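Read through the structure below, which is laid out as structure tokens, and then see the notes.
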């Protein structure tokens, strides 16, 4: 069995290498990719879309479909993670630790005991890992707003400088994950619950696809943002730039929500209860 | 002016070298984090700060200098915190600090 697999891999690999010999040389100006579409993008993207960043113009405007399905792939990954890992059944066999806040005493309550769930004097703490670290928490509280501002900057400047929805969304998600790591999973889910994350990742895809449908309803092709000129009150070329921004915001929201969902499910093994 | 900047940059590189040497030469986890946390942070502060000063005074790009300064501030806050968190994790996981082993008989 192993020998057969090895032979198959070797055959497939040599076929791939043989196929790659036929590729045009690296940076060949006469290759099909750089002789048909690339010159058009390089020459016309600014006058078509008024977007200085060529890469963003290609990604979100000329190849809008492609990026939309990339967003859907990320969305699917988040949903699949929930389906695979999430445990909705409440397990009875567990011991919980509570800290009595005024005195700092830690209580260990066995499975048949009464949990002080609603009391304000008690704070639930993790049973394996008890992060009560003032320095890390304070630094996190100090840094998170700046990370979020930077993420919004990256999303909003996607069509002027390197960046865009995917990168900015990841930074936004990282800010939330940093909060969850520095405090604990329960305080993170109190800030941004599971319901909200799923809603946001659906909303992100909805903004992207909805922009496309709106363009279609206004009489042009799917994802042809120049149709939005009347709605936004600008000329069609600027409308394409604004359309890219709207779509990037959708991508950012979806990516952020999926990052947070993945972290919640992986860190707590699907229980959303205790975790890093 | 350029001479001062070059001297400051060399200074930062010396800090980096010391940090790297410390990471390579020190015997255990905690003592290795000491150069990694202190010297790398200070080397970064020196080099990046010098770059910010250079770009502000020689090139006149004050906004870029401000951005570099922001990077400096954030690194100065986060890098020691990261070192602290790593040491904390080591203590919680039960790693004992290195002590000098007692000299064996026969070897002086």
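Residue numbers (my numbering), protein chains in the order written: chain A, 1 to 276; chain B, 1001 to 1108.
Yeah, the Cβ is synthetic: ideal placement off N, Cα and C, and Gly gets one too.
None of the values given here were measured: they were computed from a predicted structure.
For residue i, return the contacting residues in chain A, with the cut-off set at a CB-CB distance below 9 Å.
{"i": "residue 1071/B", "result": "Residues of chain A passing the Cβ test: none, with the nearest at roughly 11 Å."}
{"i": "residue 1005/B", "result": "Within 9 Å Cβ-Cβ: nothing; residue 1005/B doesn't reach chain A, min ~27 Å."}
{"i": "residue 1026/B", "result": "By Cβ distance, chain A contributes nothing, its closest Cβ being about 23 Å from residue 1026/B, past 9 Å."}
{"i": "residue 1081/B", "result": "135, 136, 138, 139, 140 and 143"}
Could you check what DSSP says for residue i in three-state terms: helix, strand or coil?
{"i": "residue 107/A", "result": "strand"}
{"i": "residue 97/A", "result": "strand"}
{"i": "residue 23/A", "result": "coil"}
{"i": "residue 70/A", "result": "helix"}
{"i": "residue 123/A", "result": "strand"}
{"i": "residue 161/A", "result": "coil"}
{"i": "residue 191/A", "result": "helix"}
{"i": "residue 1026/B", "result": "coil"}
{"i": "residue 186/A", "result": "helix"}
{"i": "residue 1108/B", "result": "Here the model assigns residue 1108/B a pLDDT of 46, short of 50, so the residue's position is not dependable and the matter cannot be decided."}
{"i": "residue 1034/B", "result": "helix"}
{"i": "residue 112/A", "result": "coil"}
{"i": "residue 1099/B", "result": "coil"}
Using a Cβ-Cβ cut-off of 6 Å (strictly less than) and excluding sequence neighbours within five positions of residue i, which residues of its own chain qualify?
{"i": "residue 123/A", "result": "99 and 101"}
{"i": "residue 87/A", "result": "270 and 271"}
{"i": "residue 228/A", "result": "239 and 243"}
{"i": "residue 1108/B", "result": "Because the pLDDT of residue 1108/B is 46, which lies under 50, any placement of that residue in the model is unreliable, and the number read from its coordinates should be weighed accordingly. Nothing meets the Cβ criterion."}
{"i": "residue 57/A", "result": "45, 49 and 51"}
{"i": "residue 188/A", "result": "179 and 180"}
{"i": "residue 41/A", "result": "58"}
{"i": "residue 1052/B", "result": "1065, 1068 and 1069"}
{"i": "residue 78/A", "result": "201, 258 and 261"}
{"i": "residue 1062/B", "result": "1056"}
{"i": "residue 237/A", "result": "50"}
Is the beta carbon of residue i less than 8 Å from the beta carbon of residue j?
{"i": "residue 168/A", "j": "residue 152/A", "result": "yes"}
{"i": "residue 165/A", "j": "residue 157/A", "result": "no"}
{"i": "residue 1077/B", "j": "residue 178/A", "result": "no"}
{"i": "residue 261/A", "j": "residue 140/A", "result": "no"}
{"i": "residue 200/A", "j": "residue 267/A", "result": "no"}
{"i": "residue 84/A", "j": "residue 97/A", "result": "no"}
{"i": "residue 49/A", "j": "residue 61/A", "result": "yes"}
{"i": "residue 126/A", "j": "residue 1088/B", "result": "no"}
{"i": "residue 241/A", "j": "residue 51/A", "result": "yes"}
{"i": "residue 255/A", "j": "residue 193/A", "result": "no"}
{"i": "residue 246/A", "j": "residue 211/A", "result": "yes"}
{"i": "residue 1005/B", "j": "residue 1064/B", "result": "no"}
{"i": "residue 1041/B", "j": "residue 1012/B", "result": "no"}
{"i": "residue 31/A", "j": "residue 39/A", "result": "no"}
{"i": "residue 1072/B", "j": "residue 1048/B", "result": "yes"}
{"i": "residue 1098/B", "j": "residue 1035/B", "result": "no"}
What residues in its chain sit with their C-beta under 7 Å from that of residue i, if we drop five residues either side in the sequence?
{"i": "residue 1044/B", "result": "1075"}
{"i": "residue 235/A", "result": "229"}
{"i": "residue 43/A", "result": "none"}
{"i": "residue 75/A", "result": "201, 205, 254 and 258"}
{"i": "residue 209/A", "result": "68"}
Near residue i, which residues of its chain fall below 8 Å by C-beta distance, leaving aside the five closest residues on each side in sequence?
{"i": "residue 1039/B", "result": "1015, 1016, 1018, 1019 and 1022"}
{"i": "residue 105/A", "result": "99"}
{"i": "residue 53/A", "result": "158, 159, 160, 161 and 162"}
{"i": "residue 214/A", "result": "227, 228 and 231"}
{"i": "residue 59/A", "result": "66, 67 and 164"}
{"i": "residue 28/A", "result": "34"}
{"i": "residue 13/A", "result": "none"}
Identify the contact partners of residue i in chain B, using a Cβ-Cβ distance below 9 Å as the criterion.
{"i": "residue 133/A", "result": "1084, 1085 and 1088"}
{"i": "residue 146/A", "result": "1070 and 1074"}
At 7 Å on the CB atoms, spell out the chain A contacts of residue i, in chain order.
{"i": "residue 1078/B", "result": "139 and 143"}
Do the segment 205–220 of chain A and the segment 250–257 of chain A touch if we need at least three Cβ pairs shorter than 8 Å? yes
Quick check: the segment 213–231 of chain A against the segment 61–68 of chain A, are there 3 or more CB pairs under 8 Å? yes
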